[in-house]
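Residue numbers (our numbering): 7 to 223. C-beta atoms are modelled at their ideal positions from N, C-alpha and C, and glycine is treated no differently.
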Amino acid sequence: MANKSVWSDNRFWQRSATWVTGFASILLIWLTLDTSAQISMGNDEDLKNGVQKRVPGPTVINYKITYEMDAKRGHEVPVIGEKEKFFGRDDYSEEEAGALLHLGKLGEQAKNCMDCHTILGNGAYYAPDLTKAWIDPAWGPEGAMQALTGKNTKEEAMAEFLQHPDQYPTHARMMPDLGITAKEAKGLVAFLKHMSSIDTNGFPRNFGKMQGAVNGK
Ligand code: HEC
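Okay, structure coming up:
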């Protein structure tokens with residue numbers, strides 16, 4: 007008994023298992039609480055007071071969103087700028103903006119965008135990642151999509167494309183007409199705009215290269 011190795015001692019393993027399980031549980035609880043706090047959605051007050059939340063409130067659709075390099079973090083981050091009109095308005099209330107996002111979320115689920123696209127890391131890579139589609143310069147004033155759709159704003163160009171994707175084939179792969187109505191398209195574009203404002207730690211990593219996914223530029 008005196009020379010018995012600690013490695014063959016049952017109690018040693020029992021105690022180790024207890025400690026490891028205990029430590030891992032505490033770590034997981036702490037990580038869960040930390041993550042919940044980090045991803046809790048902000049509100050209109052935060053936006054008005056310039057408090058930058060990882061997931062801004064729905065009324066972020068009233069603001070201009072750009073994507074800028076953050077040297078310290080080593081990747082691009084969404085930056086919420088000045089007020090910007092969205093379908094002619096920049097004064098959506100929390101309820102109105104929330105209702106638009108809700109409509110977009112329902113549309114996204116009903117039409118199963120994730121069958122082909124990736125949204126916040128979930129979905130497929132048959133078609134461009136949609137997480138930052140709103141800030142894809144292809145939709146901007148100099149981008150190909152405004153000219154192609156004959157629209158003067160980003161949101162109108164995107165809504166037009168979503169309703170008739172088969173009329174604007176720009177890619178080897180064409181997005182099929184999913185029967186999206188004008189109302190649904192507005193919700194979907196709000197959903198895409200809000201999603202682009204979420205700080206995803208620079209995900210998707212290759213967004214810089216994918217910018218202009220629509221027309222390869
Ligand atoms: C059957 C596959 C499929 C489904 C389902 C689908 N898409 Fe697409 N989508 C595509 C393809 C392919 C392209 C690239 C088309 C092109 O560039 O001409 C595309 C392009 C896009 C673009 C332009 C991408 C960019 O980077 O700017 C947007 C925005 C978009 N889709 C939104 C949606 C939304 C929202 C849904 C769900 C309501 C959806 N798509 C459902 C296949 C699909």
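A residue is called buried once 16 or more other Cβ atoms fall within 10 Å of its Cβ, and residue 134 is buried on that count. At least one heavy atom of the ligand HEC lies closer than 6 angstroms to the C-beta of residue 175. Nearest in C-alpha terms to residue 192, of all of 49, 72, 12, 114, is 114. Shown here for residue 123: same chain residues with a beta carbon closer than 6 angstroms to its own, the five before and five after excluded, namely 129, 133, 136 in chain order. Collapsing the DSSP output to three states places residue 47 in a strand. About 6 angstroms separates the CB atoms of residue 208 and residue 82; that is less than 8 angstroms, so the two are in contact.
Taking a cut-off of 8 angstroms on C-beta distances, the region 161-173 does not touch the region 96-112, as fewer than three cross pairs fall below it. When the Cα atoms are used, residue 69 and residue 90 turn out to be separated by approximately 5 angstroms. For the 7 angstroms CB-CB criterion, residue 85 and residue 72 form a contact. Residue 211 has its CB no nearer than 6 angstroms to any heavy atom of the ligand HEC. Taking 7 angstroms as the cut-off, the beta carbon of residue 202 is found no closer than this to the beta carbon of residue 125.
Nearest Cα to residue 121 within the set 206, 20, 182: 182.
If you compare the alpha carbons of 96, 24, 206, 46 with that of residue 127, the shortest gap goes to 206. Rounded to the nearest angstrom, the gap between the Cα atoms of residue 158 and residue 147 is 8 angstroms. Across the set 106, 131, 94, the C-alpha of 131 shows the shortest separation from the C-alpha of residue 212. Here residue 95 carries a strand assignment [DSSP, helix/strand/coil]. By the Cβ neighbour-count rule, residue 145 is buried, with 16 or more other Cβ atoms within 10 Å of its own. For residue 195, the enclosing alpha helix (DSSP H) begins and ends at 188-202.
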